[in-house]
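I have placed the structure first, in the form of C-alpha cells, so that the comments after it can refer back to it.
Residue numbers (the working numbering), protein chains in the order written: chain G, 5 to 341; chain P, 34 to 213; chain Z, 70 to 186.
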C-alpha cells in the first residue's frame, strides 16, 4: 500500500538521521572558531569525543564572555552591593579567589580591583588621558586587600570599587576548556583564545606543540621566538596589544596598580609558560608591571613557571628553565641571561 | 489543500532530513580541515531545493535557518552557526531566483548556483569576522568545489526528490524535471 | 530517461570553473606568495614579493631577490655582517644591518602551530 511505503520511508529517514547524529558525536577530529571574550577563539581537537567537547567549549566561552565582562552582570552586582557582601556562584567565587591569590603572589602588581582605573582610561571605548586628580581618585579605590571573600560571598570595602577580571578571564576559560577536554577523553588539542594559547597534550604526531611568541615590534602572526611545549599554556602581555596616542605620547592598556598610569619600564612584552592558564594570564600582566629585574626574579623563584621578557632594546631575558628549549626566530633579537 | 497537521509533519520530516545531511557533511568535513571555518559541500541543499520546487520561498528559508541552528547545536557550536547561516539563507534565495529566472537550467544548474553562493558567502563571513583578507583566495578554490558539489547534489536531487515527494505524499506545483 | 544535465548546466559549470581559475591566477600575486618585509628604524618601508627576481635599494642599502630568497647585496656599513649573511628564504628568518638601522624579515607559512600574542 502507498501509505505503508510512506511510513517505511519516514522511519528510514528518521533512523538515518539518528545514526548520523550519533556518528557525528564520535568524530575523531574537529575544528571550530567562535567569536567570544572580545576576540576570535579557535580550537583544533583530536581523539576522544571531539564533537561534544568542541560544542561544550564553545558554549562555555560564550557564557564566560557574558558573565565576567567588566560591564557585565557580575561586576555590576558586586559593585552596587558594596560595601555589603554579594552572593556568587561557585565558579565566580573560584575565579575571584584565584585573582586575589595572584594579587598576593605578585605583591599587587596584578590587581583585580584595578577596575576604576580601566574604566577611567576607557581604553577599549573612547580612550583619553585623564587628569592627575582623576587618576588619584581612582587609585584610592584600587587595593586587593579591600576585597573580602568568604565561601561564596564577596564584598568590596569601599563604594565605587570595581573588579576587572579581564586580565585573568581568558586564562580561566582556557583552564575550564582543559577540564572539558579531559572529561571527553581528548588526546590532543590546540586552543587559541585571541592569542592566549593552551597546548593540550602533545601534537597529533606525538611531537610537542611548537608555539611562537609574538614579535612585539612585528605584525600579528609574526613571531620572534618559539618554544616546544605540551600540556602548557603560553600567554603574552604586551603594550602593542592595545594602545592609543595623545599629545605625541603612546599609552597602552597595562596599568600599574600603584601609579594608575600605563607601566613604563622598558619592557615591550612578557610571555609566561605554565600549565595553569589562569596563572599564566595573571603573571604575564604582573611581570610586565613589575619590570625586568623584579619580574625575572619572581619568575625564577616560582616552580613550574617559565617566562620570556622582551625589552625595548630588543633583548630577550629568559628564566633558567628555558635556556635549552627556547629558539629565537627573529635574529634582530638577542638572548641575555 | 493540505491541513496544518500534515504540513507540520512534512516540514518536520524535511527539517530532520536536512539537519542529518548537514551534520553528516560537517563530520566528514572535520576530517579534512580547511582554513575557512564552516565550509561545507552543501548536500543539505537537496531539501532546500525540494521546498523551493514544491512549497514556497518562505518555507525553504525557514527550514534552512532552522536546519543551520540544529546542526550547529549538535556539532560545532554557535560559532558554526554564525558562519553557516548567511550562506544557507543566501544560497536558498539564489536558488529561488535561478528557478524562476534561469529557466533553461535544470535542477543540477540551480544546485550549482546554490552551492557556489553558499561557499562565497561563507568566505565573506570568515573574512568579516577574522579580518584575514587573504582568505579570499580560498573563495576561488571553493567556487570550483561549489560547481562540482552543486552538480553532484543536483543530480542526486533529481533522483531522490520524486521519492521524497512520494514518501511524504506531496504533490509539487512546479515541474522539477525540465525535459528537453 | 529524460536528460539529467542540460546544455545550460554544462555552460554554467564551465563558466564557474573559468571564473575561478582566472580569479586564482589574478589573485595569486597577493595571496599565497612569499613576501619579505624591509624595515627602517622598525617601521615597514617596503613589502617585497620573493617570487620575482629583482634588485632594489632602500636608503642606500642594496637588496637582491633570487630564487625565492633575499639578501643584503651591498651596504656601506663597516662590518659587512649583513652582506656576509647571504640569502634568507626560511619563513620567519630575518637579518639586520644595524648601522643603517635596516632589517629584512621573511614572512609566509609560519613554522609554528600558533603564536601567543
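We treat Cβ as the ideally placed atom computed from N, Cα and C, and that holds for glycine. Note that the structure is a prediction, hence the values are computed from the model and not measured.
Distance cutoff 9 Å, beta carbons only. Does residue i sit that close to anything in chain G?
i, result
"residue 144 of chain Z", "no"
"residue 106 of chain P", "yes"
"residue 165 of chain Z", "yes"
"residue 126 of chain Z", "no"
"residue 184 of chain Z", "yes"
"residue 119 of chain Z", "no"
"residue 174 of chain Z", "yes"
"residue 121 of chain P", "no"
According to DSSP, is residue i part of a helix, a strand, or is it coil?
i, result
"residue 194 of chain P", "helix"
"residue 165 of chain G", "coil"
"residue 154 of chain G", "strand"
"residue 149 of chain P", "helix"
"residue 149 of chain G", "helix"
"residue 330 of chain G", "coil"
"residue 207 of chain G", "coil"
"residue 76 of chain Z", "helix"
"residue 254 of chain P", "The structure shown has nothing for residue 254 of chain P, since chain P only spans 34 to 213."
"residue 116 of chain P", "helix"
"residue 263 of chain G", "coil"
"residue 58 of chain P", "helix"
"residue 131 of chain P", "helix"
"residue 103 of chain Z", "coil"
Under 9 Å between the Cβ atoms of residue i and residue j?
i, j, result
"residue 180 of chain G", "residue 64 of chain G", "yes"
"residue 137 of chain Z", "residue 120 of chain Z", "yes"
"residue 168 of chain G", "residue 112 of chain G", "no"
"residue 43 of chain G", "residue 164 of chain G", "no"
"residue 233 of chain G", "residue 217 of chain G", "no"
"residue 241 of chain G", "residue 275 of chain G", "yes"
"residue 88 of chain Z", "residue 176 of chain P", "yes"
"residue 101 of chain P", "residue 49 of chain P", "no"
"residue 82 of chain P", "residue 147 of chain P", "yes"
"residue 90 of chain Z", "residue 98 of chain P", "no"
"residue 150 of chain G", "residue 161 of chain G", "yes"
Could you confirm whether any beta carbon from chain Z is found closer than 9 Å to the beta carbon of residue i?
i, result
"residue 218 of chain G", "yes"
"residue 86 of chain P", "no"
"residue 173 of chain P", "yes"
"residue 157 of chain P", "no"
"residue 207 of chain G", "yes"
"residue 54 of chain G", "no"
"residue 199 of chain G", "yes"
"residue 61 of chain G", "no"
"residue 96 of chain P", "no"
"residue 210 of chain G", "no"
"residue 146 of chain G", "no"
Below 7 Å on C-beta distance, what does residue i contact in chain G?
i, result
"residue 181 of chain Z", "214, 215, 216, 227 and 230"
Just the chain G side, please: which residues come within less than 9 Å of residue i by C-beta, in chain order?
i, result
"residue 80 of chain P", "Those do not exist, as residue 80 of chain P stays about 11 Å from chain G at its closest Cβ, beyond 9 Å."
Using a C-beta to C-beta distance shorter than 8 Å, which residues of chain P count as neighbours of residue i?
i, result
"residue 89 of chain Z", "173, 174, 176, 177 and 180"
Cβ of residue i less than 9 Å from any chain P Cβ?
i, result
"residue 337 of chain G", "no"
"residue 315 of chain G", "no"
"residue 181 of chain G", "no"
"residue 168 of chain Z", "no"
"residue 177 of chain G", "no"
Residue range of the beta strand (DSSP E) that residue i falls in?
i, result
"residue 113 of chain Z", "112 to 118"
"residue 301 of chain G", "From DSSP, residue 301 of chain G is part of no beta strand (DSSP E) but of the alpha helix (DSSP H) over 296 to 305."
"residue 117 of chain G", "Counting along the chain, residue 117 of chain G falls outside any beta strand (DSSP E), and DSSP gives it neither H nor E."
"residue 146 of chain Z", "Run containing residue 146 of chain Z: none; DSSP gives neither H nor E here."
"residue 83 of chain G", "Residue 83 of chain G -> not in any beta strand (DSSP E); alpha helix (DSSP H) instead, spanning 77 to 85."
"residue 215 of chain G", "213 to 218"
"residue 171 of chain Z", "171 to 175"
"residue 337 of chain G", "Taken as a continuous stretch (DSSP letters only), residue 337 of chain G belongs to no beta strand (DSSP E), as it is neither H nor E."
Starting from residue i, find everything on chain Z with Cβ-Cβ shorter than 9 Å and list it in chain order.
i, result
"residue 205 of chain P", "Those within 9 Å of residue 205 of chain P in chain Z number zero; the least Cβ separation is about 16 Å."
"residue 198 of chain P", "Within chain Z, no residue comes near residue 198 of chain P; the closest Cβ sits about 17 Å away, beyond 9 Å."
"residue 217 of chain P", "Here chain P has residues from 34 to 213 only, and residue 217 of chain P is not among them."
Looking at the unbroken alpha helix (DSSP H) that takes in residue i, where does it start and where does it end?
i, result
"residue 67 of chain G", "54 to 72"
"residue 239 of chain G", "Counting along the chain, residue 239 of chain G falls outside any alpha helix (DSSP H), though it belongs to the beta strand (DSSP E) covering 236 to 242."
"residue 78 of chain P", "78 to 87"
"residue 108 of chain G", "94 to 109"
"residue 246 of chain G", "Note, residue 246 of chain G: premise wrong, no alpha helix (DSSP H); not H, not E."
"residue 136 of chain G", "136 to 143"
"residue 97 of chain P", "90 to 107"
"residue 143 of chain Z", "Run containing residue 143 of chain Z: none in the alpha helix (DSSP H); it sits in the beta strand (DSSP E), 138 to 143."
"residue 203 of chain P", "From DSSP, residue 203 of chain P is part of no alpha helix (DSSP H); its letter is neither H nor E."
Name the chain Z residues whose beta carbon is nearer than 7 Å to that of residue i?
i, result
"residue 224 of chain G", "186"
"residue 320 of chain G", "Here the premise fails: no neighbours, minimum Cβ distance about 14 Å."
"residue 196 of chain G", "183"
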